[in-house]
Structures are given as structure tokens and as C-alpha cells.
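Only one structure is covered here, and it is reproduced in the block below.
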């Protein structure tokens, strides 16, 4: 008999997310992922001055800060006919790039690592490293006070959890170090962004800040500190765990989806948009890495069949409708179902998708050498690998901006001729956020926003069923996930968090015979 497990909300993520899975014979046989939060930012923008959009949509998320303002500005650039000068383009890259350096280590250490560590192993550390002994003393002191937050509450350790005292204690030490590095990465971004989160510098046509050589030097100095941490702490930690104690998990089919992957490209390196992005655009179908297909945003549509929105056929975002309908039959989420092409394909987005499209030699060798499946652990490996790639490339952007700022150079940061809204215009802004492919679409009529729509990474990954009943990517990835103990569904959380959604709090298990709600510390 199938048993139903409800986790509501999923913790250590941003937002409000519920998952319902059915478990039979120790594996997940069905899944519904439920987005519980309606923000209504898209309808809010209708009728407003389009220049407001970048500031309003910045409030979508404070974690991957800058991503929405940046992508909104790309849509407005197209609608306004603005041509961003090199200075503005590079500064946009540096603002967003710094927040990637903030976001990826945060996800690994503070949102996901606890799914793979037996934290109490720290108390058994017997080494002599002063730093690790200090960590041990802190943890033991918290245990004695019965106050180990934020390391607990959590699921019970299982066969895949690392319990080696030195490894776990080192990971906790790096957890604490990563907190410090996150603050510094935000400060880096704020040097050009004005503030973080919710930057205020990126606007249609470019940016608003003229950096001084001193500010650029400060950014460059802090970038080197980030590179040192990423190359010598973060990346080695991910690889050590993924190819060591977690290798059995990496080689299992836990969290493997359809094999359809999308990257829309990001971080232009020339002034011609999309000509040479640092992260390439491409589409992979059925896991065939030998064939990278081009991406056409005109083939993207959102299906609201199982979402709490007004009933419509699948629509391109220019024609999209985000009017809520809570009485809709069969609906179970506020997340629409993005699909691609005539086949209505559900696509996975995120670091794994980007790296499979980009195909860096080192990562593909790693995956092949250790027979790592394209599931939960592979997403962490791809995230760490691309962070190393990005921070090194950011050195080039610093030097490119320095060259633009050189004495005698006509240093420009904004297309001032295209600041006023057009009478009519359409624009699609596509970029990669840390969590994956991000799209903003704006339709301007009579100098006001007539329609504004977004397809964010978690919309792609955590989509519900579509009108044909096809599961969304993360729902599909949960099918077959082992749950040997229905009172400890840690693998369900591992799969969901590997996509880097973001939410918070407690778990309830419904007994299928008694309908009794059991509460567990997680």
C-alpha cells in the first residue's frame, strides 16, 4: 500500500514550498510540488512607467540579488532600442557576478550540507588542529545547552551521511568561514550596485554609477580573496565529499530527471548582445551531450492547467496572464508549467544545465571518471565548478573595465539617448541567474507597461503537471527516490534542495491508515 508523505514547508530554502509524495516499496512513486506563495508582482506592473520595472522586480528575491534587475533591464533595453555601452555592460557583469560568488557557497554550506553530515560527529573529533578544536568546543557547548540551531533541527542521519569526525568538523569550520565570505561578496557587489540586496544601479540602457579607480581597486582586492576561498576551500570540499564518502549517492540515480537541459546564456563579453556570452546558450534533449541545440525564446510557453491562475491555453509570456483563480479545479500550486517547443518539453535549468551546455573539459572528465549520474550530487559539483570558472573570468572583466576607464578614453556607462519610454515596444530579457535560466518579457503600449511576465528558474524546475499530465522536472526527478523510512524522508529533501530553491520550517507525515499527523524535528 502506498504511503503519503507531506513535507510542508521544505526548510532551508527561500519562499514557501510544500511537497507531497507517495511511497511504495521504499521508493517514491508519485509527486506533487506545491508553490504556496502568490506575490502578484507581474500584475502590479501593468500600467506603470516601464522604467519602474527594474526596481520593482528586484524585490522578487534578495538571495540572487541583482539577477532580476539585470534581466529586466535587458528586456527594457530591447523594448527601448537602447544600446548599452561597454562600461555599463561590464559593470552589470561585475554586479551580478559578485552575487553568484555569494550565492553558490551559501547554497552548499548553509542550505544543503546538513543533508549530508552527521553534525554530532564533531563531538568525537580527536585531532590537534586549533581551529577545529575551537569548532568542537562551540558545538559541544551548544549541545550541552540543548541549543544547536541552526545546525538542528534536521533529519536523522542515514547511510549516506558523512560521520568521519575530522571531515565533519572541517566542514563545519568552513560553514562558519563561508558566512564571512558571503558578507564580503555582497559588499563587492554593492560597490557598483549602490546597495545589496535589491541593487539600485542597473537601469535601462546601462548603469548609474561612475566608479573611481579606488573603487575598482577595492573590488579587485576583494575578488582575489573570494578566488582564494572558492579555489582552496569551497571547490575542494564539494569534490572531496562528492568523489569520496558521497560517491555511492553520486553514482545512484537519485534526483535524475528527464535529461532535457536549458541554458539561455549569460555575461556578454562583447557589446553585441548574445554574440559571445561567458556562459553559453543551448538546449540538450534526452541527455544527448553530443548535440547542443540553439535556443529560441519564441518557443517558450507557460501552461497554467494545474496552477491557481485563470484558465488559458499555453501562452508565450508576451501574451501571458497571471490573474489568480483559487477556485480552479485540479490546481495545486501557484507555479505555472513552462514548456518548450511543439513537443511541450519540460526543461531543467541551473548550474548542471549550464555546465552540460558549456561542457568544460575538467567537469566532464570528473563525471566520467567517477560514473556520476546527472542527479542531486552532480548539481552540487556543477555549481562549484562553474563558480571557479566565473571568479577567474571576473578578473578579465576587472581589467576590461580598467581599460575603459583609462585617461583619454570616452568612458560611458549609459545610453542616454534611449532613456525615455517608447510609445510602443516589446522586449525579451534572457540571462542566467545562479539558480538557472531567467526570462523577463515586457510589452509597452502608450509608454506604459501593457503586460509584464517572468519565467524564473524555479518555475522551470518546480513546474507542476501540464495539460497533458506530464510532470515538471523536479517532480520527475523525485520518482524512484529511495525512502526506506517514511519517518525520515531525507532523500526527498536532498533532491529538492539540489536545485537550490529556498523555503522554511517543519514536516508532517500523514499516516494513511489513521490520518494522524506526526510531527518531526528537521
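Numbering (this note's numbering), first residue to last: 154 to 675.
The beta-carbon is built from N, C-alpha and C at its ideal position, and this holds for glycine as well.
Beta-carbon spacing of residue i, residue j below 7 Å
i, j, result
"residue 325", "residue 275", "yes"
"residue 110", "residue 382", "Summary: the structure shown does not reach residue 110, with the chain confined to residues 154 through 675, and so no result is reported for it."
"residue 487", "residue 193", "no"
"residue 510", "residue 435", "yes"
"residue 491", "residue 586", "no"
"residue 440", "residue 397", "no"
"residue 625", "residue 499", "yes"
"residue 532", "residue 554", "no"
"residue 227", "residue 165", "no"
"residue 603", "residue 268", "no"
"residue 635", "residue 180", "yes"
"residue 195", "residue 606", "yes"
"residue 163", "residue 649", "yes"
"residue 566", "residue 284", "no"
"residue 239", "residue 424", "yes"
8 Å contact criterion, which residue i and residue j should meet: CB distance rounded
i, j, result
"residue 583", "residue 592", "5 Å"
"residue 517", "residue 535", "The pair is not a contact, with the Cβ atoms about 10 Å apart (cut-off 8 Å)."
"residue 191", "residue 477", "6 Å"
"residue 458", "residue 653", "At roughly 26 Å, the Cβ-Cβ gap does not stay under 8 Å, so residue 458 and residue 653 are not in contact."
"residue 507", "residue 432", "5 Å"
"residue 489", "residue 612", "6 Å"
"residue 568", "residue 358", "4 Å"
"residue 407", "residue 529", "5 Å"
"residue 574", "residue 203", "5 Å"
"residue 247", "residue 345", "6 Å"
"residue 321", "residue 537", "At roughly 19 Å, the Cβ-Cβ gap does not stay under 8 Å, so residue 321 and residue 537 are not in contact."
"residue 474", "residue 462", "7 Å"
Boundaries of the beta strand (DSSP E) in which residue i is found, first to last residue
i, result
"residue 183", "180-188"
"residue 372", "Residue 372 -> not in any beta strand (DSSP E); alpha helix (DSSP H) instead, spanning 366-382."
"residue 604", "601-608"
"residue 171", "170-177"
"residue 430", "430-437"
"residue 493", "490-493"
"residue 319", "No beta strand (DSSP E) holds residue 319; the alpha helix (DSSP H) holding it covers 318-346."
"residue 415", "414-421"
"residue 253", "Here residue 253 belongs to no beta strand (DSSP E); instead the alpha helix (DSSP H) covers 239-259."
"residue 453", "453-456"
"residue 583", "577-586"
Environment of residue i [buried if 16+ CB atoms lie within 10 Å]
i, result
"residue 576", "exposed"
"residue 170", "buried"
"residue 255", "buried"
"residue 741", "Since the first and last residues shown for the chain are 154 and 675, residue 741 lies out of range."
"residue 455", "buried"
"residue 367", "exposed"
"residue 184", "buried"
"residue 158", "buried"
"residue 418", "buried"
"residue 220", "buried"
"residue 224", "buried"
"residue 323", "buried"
"residue 377", "exposed"
"residue 453", "buried"
"residue 483", "exposed"
"residue 659", "Residue placement at residue 659 is poorly supported in this model, since its pLDDT is 19, which falls under 50; the coordinates are not used for a value here."
"residue 375", "buried"
Run of the alpha helix (DSSP H) containing residue i, from where it starts to where it stops
i, result
"residue 208", "206-210"
"residue 523", "514-523"
"residue 284", "283-297"
"residue 538", "529-557"
"residue 401", "400-404"
"residue 223", "220-233"
"residue 597", "Segment 589-598 is the beta strand (DSSP E) holding residue 597; no alpha helix (DSSP H) there."
"residue 629", "626-631"
Separation of residue j from residue i, as counted between CA atoms
i, j, result
"residue 160", "residue 642", "9 Å"
"residue 548", "residue 271", "37 Å"
"residue 409", "residue 308", "22 Å"
"residue 663", "residue 485", "Bear in mind that a pLDDT of 32 at residue 663, under 50, signals an unreliable position, so the model cannot answer this."
"residue 380", "residue 545", "7 Å"
"residue 317", "residue 304", "17 Å"
"residue 622", "residue 629", "12 Å"
"residue 444", "residue 580", "29 Å"
"residue 361", "residue 197", "25 Å"
"residue 556", "residue 217", "28 Å"
"residue 571", "residue 373", "31 Å"
"residue 144", "residue 182", "What the structure shows of the chain is the stretch from 154 to 675, and residue 144 is not part of that stretch, so it cannot be assessed."
"residue 656", "residue 214", "Note that residue 656 scores a pLDDT of 34, beneath 50, so its modelled location is shaky and nothing firm can be said."
"residue 522", "residue 403", "12 Å"
"residue 329", "residue 594", "39 Å"
"residue 564", "residue 363", "9 Å"
"residue 236", "residue 512", "30 Å"
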